[in-house]
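Residue 29 is where the sequence shown starts when you use our numbering, and the numbers rise one by one after that.
The next block holds one structure in the form of structure tokens; read it before the comments.
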Amino acid sequence: MSPRVSFVLHAVGHADLGVPPPDSAGATDLLRLLDERPDDDDQTRRILRLRTPAQTTGDTAPLAAALAALHADPDTAGTAVHLILATTARVAAIAAAIDRAVRRLPDLYGGTIAAVTVMHGDSLDETDIATGVTRTLDTHADPGTDRAYVVWGSGSTQTVLGALDAVITSGLPWSLIRIGPTVAPRHAVYDPTAGLPVDPVVPLLRRWRYHDLLRVLADAGQLSLTVEQRRVVDAEADHFGQAYVVPNADRMRAVMAAALMRGDGSSGFTVRAYVAQRYHELRAADGSPLDLLTWAEQHAKRTPVTLGAMLRVIREQRAGHADPAVRAAKAAPSGRWLASQIVHQLNEMGKASAHELRPPDPLMLDALRRHLRQHDRTPTATATAGDGLGVPAAGDDAPAGLGPLTLVPGDTVWYLSVVGNPSRDGSPYIVEQIVQAAADPDRRDDLDPAVRTYLGLPAGQPVPVKALILGTAAGTYPHARQAADRLRAAGHTAVAAPIADLGVAADDPAAFTEPAAAELLRQHVGPDTGAIVLIPTGPKEHVLTLLAAGQQTAAVRGIPLFLRQLVTRDRSVLDAGTHRLPLRFGTDLAILAAASHALDVAELDTAARLLGTLATGQPLSARAVSLSDALRCATPRLRRWPVPVQAGVTTTEDCTFRMIGERIDVWAALPDVDRDAATGMRAIIGACASTEHSIDANRLKEATRRQVLRPLYEIRNRLPITHGHGRADGDTPEPLNPEPLNLEPLIVERTGGAQHTVSGLLTAMAAAARTTFGDRPGTGPRLADLLAELRADVRRLRDTEHTELAWRAERAGQAGRPGLPGLGGLGDNRLGTIIDTRPE
Numbered sequence: 029m030s031p032r033v034s035f036v037l038h039a040v041g042h043a044d045l046g047v048p049p050p051d052s053a054g055a056t057d058l059l060r061l062l063d064e065r066p067d068d069d070d071q072t073r074r075i076l077r078l079r080t081p082a083q084t085t086g087d088t089a090p091l092a093a094a095l096a097a098l099h100a101d102p103d104t105a106g107t108a109v110h111l112i113l114a115t116t117a118r119v120a121a122i123a124a125a126i127d128r129a130v131r132r133l134p135d136l137y138g139g140t141i142a143a144v145t146v147m148h149g150d151s152l153d154e155t156d157i158a159t160g161v162t163r164t165l166d167t168h169a170d171p172g173t174d175r176a177y178v179v180w181g182s183g184s185t186q187t188v189l190g191a192l193d194a195v196i197t198s199g200l201p202w203s204l205i206r207i208g209p210t211v212a213p214r215h216a217v218y219d220p221t222a223g224l225p226v227d228p229v230v231p232l233l234r235r236w237r238y239h240d241l242l243r244v245l246a247d248a249g250q251l252s253l254t255v256e257q258r259r260v261v262d263a264e265a266d267h268f269g270q271a272y273v274v275p276n277a278d279r280m281r282a283v284m285a286a287a288l289m290r291g292d293g294s295s296g297f298t299v300r301a302y303v304a305q306r307y308h309e310l311r312a313a314d315g316s317p318l319d320l321l322t323w324a325e326q327h328a329k330r331t332p333v334t335l336g337a338m339l340r341v342i343r344e345q346r347a348g349h350a351d352p353a354v355r356a357a358k359a360a361p362s363g364r365w366l367a368s369q370i371v372h373q374l375n376e377m378g379k380a381s382a383h384e385l386r387p388p389d390p391l392m393l394d395a396l397r398r399h400l401r402q403h404d405r406t407p408t409a410t411a412t413a414g415d416g417l418g419v420p421a422a423g424d425d426a427p428a429g430l431g432p433l434t435l436v437p438g439d440t441v442w443y444l445s446v447v448g449n450p451s452r453d454g455s456p457y458i459v460e461q462i463v464q465a466a467a468d469p470d471r472r473d474d475l476d477p478a479v480r481t482y483l484g485l486p487a488g489q490p491v492p493v494k495a496l497i498l499g500t501a502a503g504t505y506p507h508a509r510q511a512a513d514r515l516r517a518a519g520h521t522a523v524a525a526p527i528a529d530l531g532v533a534a535d536d537p538a539a540f541t542e543p544a545a546a547e548l549l550r551q552h553v554g555p556d557t558g559a560i561v562l563i564p565t566g567p568k569e570h571v572l573t574l575l576a577a578g579q580q581t582a583a584v585r586g587i588p589l590f591l592r593q594l595v596t597r598d599r600s601v602l603d604a605g606t607h608r609l610p611l612r613f614g615t616d617l618a619i620l621a622a623a624s625h626a627l628d629v630a631e632l633d634t635a636a637r638l639l640g641t642l643a644t645g646q647p648l649s650a651r652a653v654s655l656s657d658a659l660r661c662a663t664p665r666l667r668r669w670p671v672p673v674q675a676g677v678t679t680t681e682d683c684t685f686r687m688i689g690e691r692i693d694v695w696a697a698l699p700d701v702d703r704d705a706a707t708g709m710r711a712i713i714g715a716c717a718s719t720e721h722s723i724d725a726n727r728l729k730e731a732t733r734r735q736v737l738r739p740l741y742e743i744r745n746r747l748p749i750t751h752g753h754g755r756a757d758g759d760t761p762e763p764l765n766p767e768p769l770n771l772e773p774l775i776v777e778r779t780g781g782a783q784h785t786v787s788g789l790l791t792a793m794a795a796a797a798r799t800t801f802g803d804r805p806g807t808g809p810r811l812a813d814l815l816a817e818l819r820a821d822v823r824r825l826r827d828t829e830h831t832e833l834a835w836r837a838e839r840a841g842q843a844g845r846p847g848l849p850g851l852g853g854l855g856d857n858r859l860g861t862i863i864d865t866r867p868e
């Protein structure tokens with residue numbers, strides 16, 4: 029469907045007069061000529077079409093190039109063009125001249141312009157620009173029938189980025205039109221995802237360890253995978269899923285890698301079971317005749333016998349009084365593992381998660397990271413699930429787009445920058461200021477909070493930062509090299525590299541093209557990378573080339589690309605924000621798919637991090653955070669709980685034990701709680717954690733365990749991923765070895781046949797809690813209702829994005845243009861080749 033109106037957003041600049049930005053005198057002269065003879069149409073055309081000798085920046089006016097690209101698309105035939113000139117005080121006179129000329133000569137730039145609006149930004153601050161553009165679009169545009177085109181390559185980069193933020197937020201279908209000082213074909217063709225070897229959904233979900241979701245999407249035909257890619261996806265899903273039902277150390281390391289990546293309140297559920305599995309793995313290797321954990325369990329004085337209790341028995345056994353066999357077992361590698369500081373931290377992580385739903389703190393994550401790094405290695409090409417060789421992805425001969433999946437996810441942030449000439453006042457380049465601030469304990473927490481949040485790094489924890497500083501070969505490369513030298517001298521990691529000068533033809537081997545930029549990133553940006561941030565300084569054409577290459581690199585690795593703002597209104601570099609994935613070539617779909625799955629398994633902290641990376645995801649992220657706080661009964665943050673919950677709370681009891689029933693209901697309502705053993709086990713543990721943190725008094729807590737919710741806790745303590753065969757409340761049952769994919773026998777046994785499913789068990793426990801403690805006052809929505817609403821909203825966005833991408837892929841095929849397989853068609857949101865982003 030063709031749009032009713034095409035809104036063309038153009039950042040006004042000196043290029044519109046054909047003079048370089050420093051040439052204020054040249055611009056003034058040209059504007060004076062236009063003002064002196066406003067009725068001289070021939071002179072107006074000559075000046076604004078850049079036909080005079082004084083105009084040296086190019087032979088094609090930026091707006092002429094943009095409109096030529098716009099009208100090259102047959103879908104825009106017959107549509108009205110509404111030109112929005114985004115300007116600030118510095119170039120307001122240029123905008124006024126264009127406005128006056130276009131109103132008199134609608135075909136001035138080669139295509140009829142039906143309307144023109146000048147948007148005056150209060151400053152170059154991108155928030156001010158976005159506010160002004162939003163106001164203009166709200167007044168004139170209809171997201172249901174219109175679409176927007178943002179011109180890239182002319183005017184202030186900050187103005188363009190502010191306009192782009194506003195367009196994305198508006199809901200209008202949009203595209204970028206690339207212009208520049210080179211020949212016309214460069215104006216018309218741009219495809220940032222052409223040649224991607226894999227749908228961007230796949231590497232992102234692999235990185236977040238959502239292997240089960242990948243398999244579901246593949247089974248549903250929503251992914252297009254090669255045979256080799258599908259083999260890896262299936263093997264990883266098997267390897268990860270078996271960790272819950274047939275746990276061993278190798279399989280559970282995959283789950284530990286997921287815990288490290290996601291940092292959710294539920295991430296520590298399986299940590300203590302992993303400690304035991306790792307002990308058995310080491311003991312099998314060192315041949316220690318005595319099983320210290322079994323020995324400690326026999327000598328423990330409390331039930332159920334937790335890992336902490338066993339470690340305490342082992343630790344408190346005095347060396348002089350210990351049995352020689354015990355002393356030998358403690359001295360073996362397996363025994364030293366149990367006594368290590370890493371195990372102590374992992375045990376604390378497990379306790380915080382299983383009893384408080386608390387996300388791991390930095391010390392816990394650091395311990396897990398250091399341990400997993402010892403096991404990180406590139407698996408062999410023939411690795412299969414369960415063979416003891418780690419995550420079963422191929423090595424050097426990996427299927428296209430699916431490289432080795434390391435246990436420790438990358439957390440380094442690479443800052444990319446093309447530098448211009450040094451500042452006149454001698455101040456450091458922006459990239460230098462950022463890297464220096466990242467290492468400063470007093471400033472790093474305030475630097476790029478969106479990036480920090482995505483990586484899951486709490487305040488106080490440093491972010492590893494590296495810089496790639498580029499300069500043009502015959503121009504700014506010496507300055508780039510000097511900047512990198514200064515950073516390295518101060519102890520930072522920085523690399524400088526030369527790139528081609530502007531104006532080099534695209535077919536010249538030396539040209540700075542997207543493939544050349546991608547190769548440059550491949551050489552320098554290593555597998556330890558967790559995010560890429562582009563600082564959009566330097567020539568706009570090179571910035572866009574680097575942005576395209578960065579987007580490709582990020583998509584294949586499953587990591588985000590952030591586009592950084594330059595300065596705030598008060599010229600502060602460090603306080604400037606970031607644009608979250610502004611070029612959404614399918615990445616929104618990957619994020620939404622991962623976030624939707626996180627909500628399906630009640631990983632609310634993880635969902636909040638994922639949703640926070642979307643251009644319009646902050647409200648959704650805030651809802652996930654508020655639900656997480658309410659679910660874990662974080663009363664110090666009561667004001668952040670969902671508003672309907674706060675409205676019904678009048679006493680402490682209302683938000684603590686009177687909400688136990690509805691907290692358990694959240695876990696009972698998880699979509700796959702009865703179909704997937706891993707989800708069922710996590711729901712049982714999560715329900716217990718939600719209950720325990722709702723009760724402060726230990727005596728009441730113990731009574732709840734023993735009386736009100738006794739079956740729930742007995743079942744939790746017998747799961748393979750908790751205490752395995754731990755005793756509950758003094759009972760001494762036979763060790764449990766349930767059917768791998770069926771929790772029913774255990775539930776039937778512990779409930780006396782009253783319940784057969786996880787949802788049935790949890791629903792019954794919620795009812796028992798309400799009978800004992802009452803219910804939260806009011807008739808408003810409960811936590812399970814609020815989570816269902818959030819899940820539905822995210823799923824709706826995900827499905828809309830999928831529909832649009834599928835439609836674009838179909839349309840690209842009809843037009844004979846290559847699109848990405850599967851969820852893709854992602855090569856169709858082009859700069860210069862105008863593609864509608866809404867289905868008909």
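All C-beta atoms, glycine included, are put in the ideal place defined by N, C-alpha and C.
Bear in mind the structure is a predicted one, so any value in this text is a computation, not a measurement.
What does a CB cutoff of less than 7 Å around residue i pick up in its chain, not counting 5 residues either side in sequence?
i: L391; result: Q373
i: P275; result: A301, Q305, P748, I749
i: H784; result: E772, I775, V776
Could you compute how far the alpha carbon of residue i sits from the alpha carbon of residue j?
i: A696; j: A796; result: 14 Å
i: I207; j: P555; result: 33 Å
i: S34; j: Y177; result: 7 Å
i: R651; j: L393; result: 25 Å
i: D473; j: G488; result: 6 Å
i: R65; j: A108; result: 29 Å
i: H830; j: V446; result: 34 Å
i: G160; j: T197; result: 13 Å
i: G586; j: N375; result: 30 Å
i: A94; j: A577; result: 22 Å
i: M377; j: V303; result: 11 Å
i: G558; j: F297; result: 25 Å
i: R823; j: L655; result: 17 Å
i: P81; j: F540; result: 29 Å
i: P543; j: A582; result: 14 Å
i: D693; j: R804; result: 13 Å
i: L253; j: L233; result: 14 Å
i: D864; j: G454; result: In this prediction, D864 has a pLDDT of 31, which is less than 50 and means its spatial position is unreliable; what the coordinates show is noted afterwards. Each residue's alpha carbon lies about 45 Å from the other.
i: L224; j: G429; result: 8 Å
Assuming residue i and residue j make a contact with CB atoms under 8 Å, what is their CB distance in whole Å?
i: L385; j: H42; result: The Cβ separation is near 56 Å, so there is no contact.
i: L574; j: L562; result: 6 Å
i: A672; j: L818; result: According to the sequence provided, residue 672 is Pro. The question's Ala does not apply to it. Between L818 and P672 the Cβ distance is about 12 Å, and since that is not below 8 Å, they are no contact.
i: R290; j: T634; result: 4 Å
i: I157; j: T185; result: I157 to T185, Cβ: 11 Å. No contact.
i: S362; j: S295; result: Rounded, the Cβ-Cβ distance is 25 Å, inconsistent with contact.
Apart from the five residues on each side of it in sequence, which residues of its chain come closer than 8 Å, Cβ to Cβ, to residue i?
i: A782; result: A792
i: F268; result: R237, H239, D240, R279, A282, V283, A286
Does the separation of the CB atoms of residue i and residue j fall below 8 Å?
i: V78; j: L58; result: Going by the sequence as given, residue 78 is Leu instead of Val. Not closer than 8 Å, so no.
i: A324; j: V341; result: yes
i: A623; j: L639; result: yes
i: I112; j: L37; result: yes
i: Q71; j: V47; result: no
i: L288; j: L400; result: yes
Leaving out the 5 sequence neighbours to the left and right, which residues in its chain are closer than 6 Å to residue i when beta-carbon positions are compared?
i: A690; result: Correcting the residue identity first, residue 690 is Glu in this sequence and not Ala. Hits under 6 Å: R810, L811.
Inside the region 687 to 719 only - alpha helix (DSSP H) runs reaching at least 4 residues: 688 to 696
Complete alpha helix (DSSP H) runs within the region 59 to 116 (minimum length 4 residues, chain order): 69 to 76, 90 to 99
Runs of alpha helix (DSSP H) wholly within the region 766 to 812 (minimum 4 residues, chain order): 772 to 778, 786 to 801
Ranges of the alpha helix (DSSP H) found wholly within the region 494 to 545, counting only runs of at least 4: 505 to 517
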